[in-house]
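Engineer: Just so you know, we're using this note's numbering here: the sequence shown kicks off at 92 and counts up by one. Note that the Cβ used here is the ideal one computed from N, Cα and C, for glycine as well.
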Amino acid sequence: MDKPWQERILVVDDEKTITDKLMEILIKEGMVECAGNGVEALNKLYEDYCAVVISDVGMPVMDGIEFYNRAVKMYPSIKDRFIFHASDSDLKKHISFFERNNLKYVNKNLEMQTLRKIVADFLNQTNK
């Protein structure tokens, strides 16, 4: 049965294969929109509310960390709705940032279905 409304999920990654795959996997969880970098993502946040933001760390134009910092400055309540997905090297490089800011993060090489479950669980928690 279709939901009468859907939560908006924003996927931010410069790799189209990743955004396409995440869109395919997350479509049952909500309305999925994609952005290729932090600047595009900020524009999408400006347009409408997002229940969850899944962001890569290493991207051109504006990386995930700068995107997060600007998004939180604009919309402070969004800080708890971020999930970072990153490569092994980006995770190692930024783990202290994730932990210091109490952010959720997963390995980009993680099975995509696991990320779908994390998003579904997150949306279920926020809708209670």
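Tell me VAL144's beta-bridge partners as DSSP assigns them.
Structural biologist: In the DSSP output, where bridge partners are listed per residue, VAL144 has LEU101 and PHE173.
Engineer: From the DSSP secondary-structure annotation, give me the bridge partner or partners of VAL123.
Structural biologist: Beta-bridge pairing links VAL123 to ILE100.
Engineer: Could you tell me how far apart the beta carbons of VAL143 and VAL210 are, in whole angstroms, since I believe they sit closer than 8 Å?
Structural biologist: At roughly 6 Å, the Cβ-Cβ gap stays under 8 Å, so VAL143 and VAL210 are in contact.
Engineer: Taking the continuous alpha helix (DSSP H) assigned at TYR159, which residues delimit it?
Structural biologist: Here the alpha helix (DSSP H) through TYR159 covers 155-165.
Engineer: What are the boundary residues of the alpha helix (DSSP H) that includes LYS183?
Structural biologist: From DSSP, the alpha helix (DSSP H) with LYS183 extends over 179-191.
Engineer: Do three or more CB pairs link the region 123-135 to the region 170-184 at distances below 8 Å?
Structural biologist: These segments do not touch.
Engineer: Pick from ILE109, LEU113, ASP104 and LYS119: whose alpha carbon is nearest that of GLN97?
Structural biologist: Out of ILE109, LEU113, ASP104 and LYS119, LYS119 has the C-alpha closest to the C-alpha of GLN97.
Engineer: Compute the Euclidean distance between the alpha carbons of ASN134 and ASP111, then round it to the nearest angstrom.
Structural biologist: Answer to the nearest angstrom: the Cα atoms are 20 Å apart.
Engineer: With a Cβ-Cβ cutoff of 9 Å, do MET150 and VAL103 count as a contact?
Structural biologist: Cβ distance < 9 Å, so MET150 and VAL103 count as in contact.
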